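When the letters of the sequence shown are read in order and numbered with this note's numbering, they come out as residues 672 to 953. The beta carbon of each residue, even a glycine, is placed where N, CA and C say it ideally should be. Quick caveat: nothing in here was measured; it's all calculated off a predicted structure. Notes to accompany the following structure.
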Amino acid sequence: RADTALYAAKLSGRGRCRLDDLDSAELAHDLAQALSAGQVRAWFQPVVRPTTGEVVGVEALARWRHPERGCVRPDEFIAVAETTGLIGELGAAVLADACRGAVELARVHGDGLLLTVNVSGRELVSEGYAERALALVRASGWPVERLVVEVTESLLDASSGPALETLHRLRAAGARVAIDDFGTGYSAFSRLDTLPADYLKLDHGFTAQITTSDRRAGVLQALLSLSRALGMQVIAEGVEDEEQDALLGALGCPLAQGYLYARPAPVAELLARPAPAGTRAG
Ligand code: C2E
Ligand code: MG
Ligand code: MG
Ligand code: MG
Numbered sequence: 672r673a674d675t676a677l678y679a680a681k682l683s684g685r686g687r688c689r690l691d692d693l694d695s696a697e698l699a700h701d702l703a704q705a706l707s708a709g710q711v712r713a714w715f716q717p718v719v720r721p722t723t724g725e726v727v728g729v730e731a732l733a734r735w736r737h738p739e740r741g742c743v744r745p746d747e748f749i750a751v752a753e754t755t756g757l758i759g760e761l762g763a764a765v766l767a768d769a770c771r772g773a774v775e776l777a778r779v780h781g782d783g784l785l786l787t788v789n790v791s792g793r794e795l796v797s798e799g800y801a802e803r804a805l806a807l808v809r810a811s812g813w814p815v816e817r818l819v820v821e822v823t824e825s826l827l828d829a830s831s832g833p834a835l836e837t838l839h840r841l842r843a844a845g846a847r848v849a850i851d852d853f854g855t856g857y858s859a860f861s862r863l864d865t866l867p868a869d870y871l872k873l874d875h876g877f878t879a880q881i882t883t884s885d886r887r888a889g890v891l892q893a894l895l896s897l898s899r900a901l902g903m904q905v906i907a908e909g910v911e912d913e914e915q916d917a918l919l920g921a922l923g924c925p926l927a928q929g930y931l932y933a934r935p936a937p938v939a940e941l942l943a944r945p946a947p948a949g950t951r952a953g
C-alpha cells in the first residue's frame, strides 16, 4: 500500500513536500493497515425526539483508534480515504459495523430503531454502490427499510446524475435518504421538492442560532412547515442546550441530535448505560 501513500502525497503536494503532505501520506498508509486490522469502527449517536428525549434512531460515525495518534477524527481521515481510493473499503467497513451494532441496539431501543450512515460523494457515484451497500446490509440482518443514507446537499446539484441515480436505487429497495449539513452552503429551498430525500438534517451552525436570532427561528419554522408539506422530517443536529431543545419542541421539530442528549459512543457503552426515554446525558 506504499504507492497509495505516495499518491496522496503527490495529490496534495503537487510535487513539493511539506510537513502536512508527509503527514497525510503517513495517514493514508496507516489507514490502509487499520482497515485490514478492523481498527476503524462505527460509534453511535442517538437521534431523539425533542423534549422527551425518546430515542428513535442512531447515527453511525466512523472512529479510528490509531495506535500512536489515538482516536483520529473522521474530518481528518475521510478526506485522505477519498484521495487515496480507500473510501470504498472504509465505507463498507463502517456500514457493516454499523449494521452489527444497530442489531444489538435495537434489542434495547426496539424494532422501530433507525440507523443512519454517512456516505461520501466518491462512494455514491462509484459504479454499483447501491447494490454493494444493499447486499452488505441484507447480509447483516439489519432491515433495509430502517437504513437511512446521509448525503450532503452539494452532491445533488443538477450535474450529479450518477449520485441521484444511486439514491433512487436505494430508495426503490426501501432505504431512506437524509440530506446532511442542511443550511451550511447552498440550501436552495426552491429545489427541496426535487430532492430524493426523506430527512433534512439541520447543520449545527444553524441550530446554534435558533435561540440567538428571531430571524433564524423564523427560517426554521418555515423550513418545518415546508418539510411537512413535502413529507420530509427535520433532524436538528448539534443541540447543546435546554433552550434549543425547548424551542425545537415548541416549533414541532420531530427529531434532534446533540451533546445535550448523548455524545457518540461505542455500542458496548450504549448497551451498558442505555438511556431510558425522557432522560438526558449529563
Ligand atoms: P456529520 O455527519 O454532520 O456528523 C455530525 C458530527 O457532529 C459528528 O462529528 C458528531 O460527533 C458531531 N456532533 C454531535 N453532536 C454534536 C453537538 O452537540 N455539538 C457539536 N459541535 N458537534 C456534535 P464527527 O463524528 O467528528 O464526524 C464529522 C463528519 O465526518 C460527519 O459529520 C460526517 O460527515 C463525516 N463522517 C463520519 N463518519 C463517516 C463515515 O462513516 N463515512 C463518511 N463518508 N463520512 C463520515
Ligand atoms: Mg451525518
Ligand atoms: Mg455527514
Ligand atoms: Mg451534519
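- According to the DSSP secondary-structure assignment, T723 is paired through a beta bridge with no residue.
- Judged by the Cβ position, E794 fails to qualify as a neighbour of ligand 2 at the 7 Å threshold, every heavy atom of the ligand being at least this far.
- Distance between A752 and P814, taken at the CA atoms: about 28 Å.
- For T837, the CB contacts under 8 Å within the same chain, skipping 5 residues up- and downstream, are L795, V796, Y800 and A801 in chain order.
- A residue is called buried when at least 16 other Cβ atoms come within 10 angstroms of its Cβ; E798 does not meet this threshold and is exposed.
- For V788 and T883, the gap between their C-alpha atoms comes out near 30 Å.
- Residue pairing from DSSP places G728 in a beta bridge opposite V718 and L785.
- The way I'd put it, the region 731-744 doesn't touch the region 889-905; fewer than three beta-carbon pairs between them come closer than 8 Å.
- Excluding its 5 nearest sequence neighbours in each direction, L895 has C-beta neighbours in its own chain below 8 Å: V905, L922, G923 and C924, listed in chain order.
- Rounded to whole angstroms, the Cβ separation of L873 and G854 is 6 Å, and the two are in contact under 8 Å.
- Annotation: F860 is outside any beta strand (DSSP E) and is labelled neither H nor E by DSSP.
- Going by DSSP, C770 is part of the alpha helix (DSSP H) stretching over I758 to H780.
- Under the three-state reduction of DSSP, L827 is assigned to helix.
- Closest option to L807, judged by alpha-carbon separation, among G709, L926, V765 and D916: V765.
- E760 sits away from V938, with the two beta carbons spaced by 8 Å or more.
- Between ligand 4 and D746, a heavy atom-to-CB distance of less than 7 Å is absent.
- For Q904, there is no enclosing alpha helix (DSSP H); the residue is found in the beta strand (DSSP E) stretching over Q904 to A907.
- In this structure, DSSP gives V819 an extended state, which the three-state scheme calls strand.
- Per the C-alpha coordinates, the member of R817, R842 and D851 positioned closest to L826 is D851.
- Here I850 is bridged, per DSSP, to V822 and L871.
- Close CB contacts of Q710 within its chain, under the 6 Å cut and outside five residues either way in sequence, are with R736 (chain order).
- Under the three-state reduction of DSSP, R886 is assigned to helix.
- DSSP, read as helix, strand or coil, puts V808 in helix.
- In the DSSP annotation of this structure, the continuous segment of the beta strand (DSSP E) that includes G741 starts and ends at G741 to V743.
- Sorted by chain position, residues whose beta-carbon lies closer than 6 Å to a non-hydrogen atom of ligand 4 are D851, D852, K872, D874 and E908.
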